[in-house]
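Below: the structure, in structure tokens.
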Amino acid sequence: MITQETFDIIYLGLHAQGWARSFDKDVDLCMYRGPNQTKCGIGHLIPDDVYQPEMDDTVSGVLSWNEFRLLDLPHGTELTRDQFNEIQSLHDEDNPPAEKQVSFKGLADKYGLTIPVPE
């Protein structure tokens, strides 16, 4: 089950990039690491020293939940498959930034989490 700490990392990371989608128009794909130093929600949980460009080159364009859980990560491995997919979907939707932020607030409400205050 998602922890407050994991949610904070995702929420604050997306907030810091203005809720912009990490999306490569050339390949029409959302990415863990995209143009202009953007990251997707799950991408914020993958430290730079663990990230490999191949993670964005799989047939489906993303890591599976099982592959993600096998990474040696400090945060996020507690996510259920449904939560992992939900976070990816919320990021991947091509919504305006304000709507994306509202969607993540809904996620917080759903799991009894609080919205972190950006510094």
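Take the sequence shown: its position 45, counted from the start at 1, is 35 in my numbering, and no numbers get skipped. All residues carry an ideal CB built from backbone N, CA and C; glycine is no exception.
Residue range of the alpha helix (DSSP H) that includes residue i
i	result
P87	87 to 100
A79	Before going on, a small fix: residue 79 reads as Ser here, not Ala. 71 to 82 is the span of the alpha helix (DSSP H), which, as asked, contains S79.
T(-4)	-6 to 6
Contact check, residue i vs residue j, beta carbons under 8 Å
i	j	result
T(-4)	S12	no
G31	Q78	yes
Q91	W9	yes
Nearest-angstrom beta carbon gap, residue j and residue i [assumed within contact, 8 Å]
i	j	result
L35	I0	7 Å
L103	Q7	Incorrect: roughly 20 Å between the Cβ atoms, too far for contact.
Per-residue burial, residue i [other beta carbons within 10 Å of its own, 16 or more giving buried]
i	result
D84	exposed
K100	exposed
D62	exposed
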